[in-house]
């Protein structure tokens, strides 16, 4: 048998069962048969090694192409997109840079669903010809000479402070005071050290209300050490209280300081010009600072790039649950932690709360899971883009899993923007809340899990502007349905959907006159039972077109 002659190297010749080595001398040194299993193991090893080398170069190439030029290294969280084949690369790129690609892939289906369900799910309620009417009546006069200065210490979170400031504008007009730019609450649960000009457009606020009251940035130097009276104005007070009891203080003092600002003015039975002034202050004068407005509008644009969207105001933060005593769906240790917080918060008066009783009365916020069941029963498809307006959800992702499984496209300011973009606002709870407020007001559908200060403020602002649906869940009725689902006496499907939709036909933000107090209530409870002025400024600041003498 002839054999190949090769100089300076060896040749390995492999065939299925034989192994031969030829030396440079040209003769076969060794020839033997090997077991088939060994040959197969060696063949597989060589194959795996080849694949590993190929993957190394492929991954290196993909990494470079993805990060240049679009990848933002400081994007802090993955974007939760639809589970398509391209999601693993999209998660590396900021949402606003790959939005066209995402829109073209999966969100087209969502938009088709939106168009087919427009009447049922997205169509705004009719406005019946109502338009904003905030200009003063013909009897309104320019402000008289000021009798003194009104200092205001606001209290609460962003929206509680915001409506309180608007009330103080009206009170300053009633008692003929010069309003000093209010001091924001820096000691409440939120621990935000922002000043007025950090959150609001101070220049606009002063100039927009120049024909109503005089506003200055700080107290004159010669009055800094003057004796002032500190007064906690009575809640829900009328004109008589301010014109007589409070205004009489000018006889002895040049400076009156209001120690609290929330709910200090009645919702109803005030002169039309005072009510219109409240609306001018809230919806026209008290705008957010330019940098907050700019960032908020950017978030809105990024949400709108995916078509119509829902904002879900998910009131499931630690402070809310501790204050309300609501612990449904929480662990024993979580419930105990909230109880301790409530016990140690001196200005929360209610300490001993029965969570089961509170939930059965409809006094508890919907849990994230319950919110998901509710939206599914209303008919919103799983691909619906949804913005979560909230602070830090108590329990984190562990309490969001079921909601996310229903609606995987959950977005938030932290997911829509980079760390660099949010950095100026991130350590300021009220500024972050302002961003949520803007996205909420501009959303196609706004849904809240609890009618707190933000929910009421957004509801009223959307009514004033004529925005889309604002859905207010009937929590008391829903709790009974959720409990039936838990016990198995009802299942999710058409029957549940019909019941939920029937319950909420008149809870879509329809234009209607503001509700008065509940019959039979007295004193503070009577005022507390009223629908708040800022949640529904009709009829004071919304007029039907044929009757609108000003706009």
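Numbering (full-length UniProt numbering), first residue to last: 1 to 551.
For each residue, glycine too, the CB sits at the ideal point set by N, CA and C.
Item to check | Element boundaries [alpha helix (DSSP H), containing residue 335] | outcome: It spans 332-344 - the alpha helix (DSSP H) in which residue 335 sits, taken as one unbroken run.
Checklist entry - What does DSSP give as the partner residues of residue 504 in its beta bridges? => result Note: residue 504 is not bridge-paired with any residue in the DSSP secondary-structure output.
Next on the checklist: Is the separation between the beta-carbon of residue 232 and that of residue 260 shorter than 7 Å?
Outcome noted: Closer than 7 Å, so yes.
Checklist entry - What is the DSSP secondary structure of residue 399, counted as helix, strand or coil? => result Residue 399: helix per DSSP, three-state reduction.
Item to check | Selection from 405, 353, 373 and 221 that minimises the alpha carbon distance to residue 499 | outcome: Considering only 405, 353, 373 and 221, the residue with the shortest C-alpha distance to residue 499 is 373.
Checklist entry - Exposed or buried, which one is residue 554 when buried takes at least 16 other CB atoms within 10 Å? => result Residue 554 lies beyond the range of the chain shown here (1 to 551); nothing can be said about it.
Next on the checklist: Can you check which of these residues, 333, 332, 338 and 314, is closest to residue 325 by C-alpha distance?
Outcome noted: Out of 333, 332, 338 and 314, the CA that lies nearest to the CA of residue 325 is found in 338.
Item to check | Helix, strand or coil at residue 570 [DSSP, three-state] | outcome: No information on residue 570 is available, as it lies outside the stretch 1 to 551 that the chain covers here.
Checklist entry - To the nearest whole angstrom, what separates the beta carbons of residue 389 and residue 311, a pair I think is in contact under 8 Å? => result So it is a contact: roughly 5 Å between Cβ atoms.
Checklist entry - Any idea what DSSP makes of residue 135, helix, strand or coil? => result Residue 135: coil per DSSP, three-state reduction.
Next on the checklist: Closest to residue 626 by C-alpha separation, out of 435, 447, 450 and 378, would be which residue?
Outcome noted: Only positions 1 to 551 of the chain appear in the structure, and residue 626 is not among them; the question remains open.
Next on the checklist: I'd like to know if the stretch 363-372 and the stretch 471-487 are in contact, where contact means that at least 3 CB-CB pairs between them fall below 8 Å.
Outcome noted: Judged by Cβ distances under 8 Å, the stretch 363-372 makes contact with the stretch 471-487, as three or more pairs qualify.
Checklist entry - Taking the runs of the beta strand (DSSP E) that are 3 residues or longer, which of them lie wholly in the stretch 423-487? => result DSSP runs (the beta strand (DSSP E)) wholly in the stretch 423-487: 445-448 and 469-471.
Checklist entry - For residue 132 versus residue 464, is the C-beta spacing smaller than 7 Å? => result Residue 132 is a Cβ neighbour of residue 464, given a cutoff of 7 Å.
Checklist entry - Just how far apart, CA to CA, sit residue 323 and residue 362? => result When the Cα atoms are used, residue 323 and residue 362 turn out to be separated by approximately 15 Å.
Checklist entry - In whole angstroms, what is the alpha-carbon distance linking residue 376 and residue 497? => result Rounded to whole angstroms, residue 376 and residue 497 show a C-alpha spacing of 8 Å.
Checklist entry - From residue 303 to residue 204, what distance separates their C-alpha atoms? => result Using only the alpha carbons, I get a separation of about 28 Å.
Checklist entry - Taking C-beta to C-beta, are residue 276 and residue 134 nearer than 7 Å? => result Between residue 276 and residue 134, the C-beta gap is smaller than 7 Å, which places the two residues in contact.
Next on the checklist: With distance defined between alpha-carbon atoms, name the residue in 416, 420, 381 and 419 nearest to residue 403.
Outcome noted: Comparing C-alpha distances from residue 403 to each of 416, 420, 381 and 419 shows the shortest one belongs to 381.
Checklist entry - According to the neighbour-count rule (16 or more other Cβ atoms, all chains shown, within 10 Å of its Cβ), is residue 181 buried or exposed? => result Residue 181 comes out buried.
Next on the checklist: Short of 6 Å in beta carbon distance, which residues of its chain neighbour residue 315, apart from the five on each side in sequence? Order them along the chain.
Outcome noted: For residue 315, where only same-chain residues beyond five positions count, the Cβ hits under 6 Å are 365, 449, 450 and 452.
Item to check | Nearest-angstrom Cα separation, counted from residue 467 out to residue 459 | outcome: Roughly 9 Å between the two C-alpha positions.
Item to check | Nearest to residue 218 (by Cα), restricted to the options 197, 242 and 238 | outcome: The candidate whose alpha carbon is nearest that of residue 218 is 197.
Checklist entry - Quick one: what's got a C-beta closer than 7 Å to residue 285's C-beta in the same chain, skipping five residues either side? => result Here residue 285 has 204, 205, 208 and 209 as same chain residues with Cβ atoms under 7 Å from its own Cβ, once five neighbours each way along the sequence are excluded.
Checklist entry - Taking all protein chains shown into account, do 16 or more other C-beta atoms lie within 10 angstroms of the C-beta of residue 227, making it buried, or fewer, making it exposed? => result Taking all protein chains in view, the Cβ of residue 227 is surrounded by fewer than 16 other Cβ atoms within 10 Å, so the residue is classified as exposed.
Item to check | Which of helix, strand or coil DSSP assigns to residue 376 | outcome: In this structure, residue 376 counts as helix in the three-state DSSP scheme.
Checklist entry - Looking only at its own chain, which residues have a Cβ that is under 6 Å from the Cβ of residue 535, when we skip the five neighbours before and after it? => result The beta carbon of residue 535 sits closer than 6 Å to those of 456, 459 and 460, all from its chain and outside the five residues before and after it, given in chain order.
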